[in-house]
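Going by the working numbering, the sequence shown opens with residue 1, and the numbers climb by one from there.
Ideal Cβ positions, reconstructed from N, Cα and C, are used throughout, including at glycine.
Nothing here was measured: the structure is a model prediction, and the numbers come from that model.
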Amino acid sequence: MNEHHACCAHRRSALGLARGTGFASTTASAHYAPDVRVLPEHLDIHVAVDVDARALEVTLGVRVRARVAQATQLVLHGVDLVGVQAEGASLRYTGTELTLGFEPPLARDEARELTLRYRVESPKSGVLFSSPEPHRPDAPRYAVTDHETERARHWLACID
Numbered sequence: 001m002n003e004h005h006a007c008c009a010h011r012r013s014a015l016g017l018a019r020g021t022g023f024a025s026t027t028a029s030a031h032y033a034p035d036v037r038v039l040p041e042h043l044d045i046h047v048a049v050d051v052d053a054r055a056l057e058v059t060l061g062v063r064v065r066a067r068v069a070q071a072t073q074l075v076l077h078g079v080d081l082v083g084v085q086a087e088g089a090s091l092r093y094t095g096t097e098l099t100l101g102f103e104p105p106l107a108r109d110e111a112r113e114l115t116l117r118y119r120v121e122s123p124k125s126g127v128l129f130s131s132p133e134p135h136r137p138d139a140p141r142y143a144v145t146d147h148e149t150e151r152a153r154h155w156l157a158c159i160d
């Protein structure tokens with residue numbers, strides 16, 4: 001038993017894992033949930049899928065609710081979205097983050113409806129496309145989405 005324990009301790013040390021720190025490396029940076037003053041409460045997702053083009057046309061209805069008084073913005077994550085448009089809020093898009101602005105500011109517990117429209121083209125993650133190709137002529141035609149947060153942002157504007 002002691003041999004095994006020493007072996008595990010040696011491996012943890014070699015991987016840079018401090019004794020008693022759980023699974024995280026001693027060099028890992030801390031990650032915390034965002035301070036969300038406006039929370040998406042409901043998503044109405046409409047997606048037109050073009051499997052052969054490996055693309056999605058997305059219309060996303062979002063009902064948000066303010067958790068604090070005078071809430072002015074919500075930041076969503078969305079990577080490489082094309083032609084992003086917003087109704088019901090102002091929009092600033094950096095290629096990785098959508099900042100939705102509310103004017104006038106939302107009152108505490110106030111709900112507001114927004115609509116986002118955008119296109120997704122050959123996403124690096126989040127959607128797996130399959131269709132016949134010269135080397136796989138019998139391949140099935142489908143698209144599968146992945147909602148794990150680090151992947152979902154490649155096709156779905158979301159908090160992650």
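By how many angstroms is the C-alpha of A89 removed from the C-alpha of T72? 10 Å
For G101, tell me which candidate among Q85, V75, L116 has the shortest Cα-Cα distance. Residue V75 is the option with its Cα nearest to G101.
Whole angstroms is fine: what's the gap from P137's alpha carbon to L39's? Rounded to whole angstroms, the gap between the alpha carbons of P137 and L39 is 45 Å.
Close-in-space but distant-in-sequence residues of the same chain around E97 (CB under 8 Å, 5 per side omitted): V75, L76, H77, G78
I'd like the list of long-range same chain contacts for D160, defined as Cβ closer than 6 Å, with 5 residues on each side in sequence excluded. H77, T149, R153
So P140 and S130 are in contact, right, with Cβ under 8 Å, and what is the actual spacing, rounded? Going by Cβ atoms, the distance from P140 to S130 rounds to 6 Å, so yes, they are a contact pair.
Own chain partners of R63 with C-beta closer than 7 Å, once the 5 adjacent residues on each side are dropped: E41, H42, A111, E113
May I have the straight-line CA-CA distance separating P104 from T115, to the nearest angstrom? 17 Å
Buried or exposed (CB count within 10 angstroms, at least 16 for buried), G126: buried
Secondary structure at A89, three-state DSSP: helix, strand or coil? coil
Can you tell me whether A202 is buried or exposed? The criterion is at least 16 other CB atoms within 10 Å of its CB, across all chains shown. In this structure the chain extends from 1 to 160, so residue 202 is not present and cannot be described.
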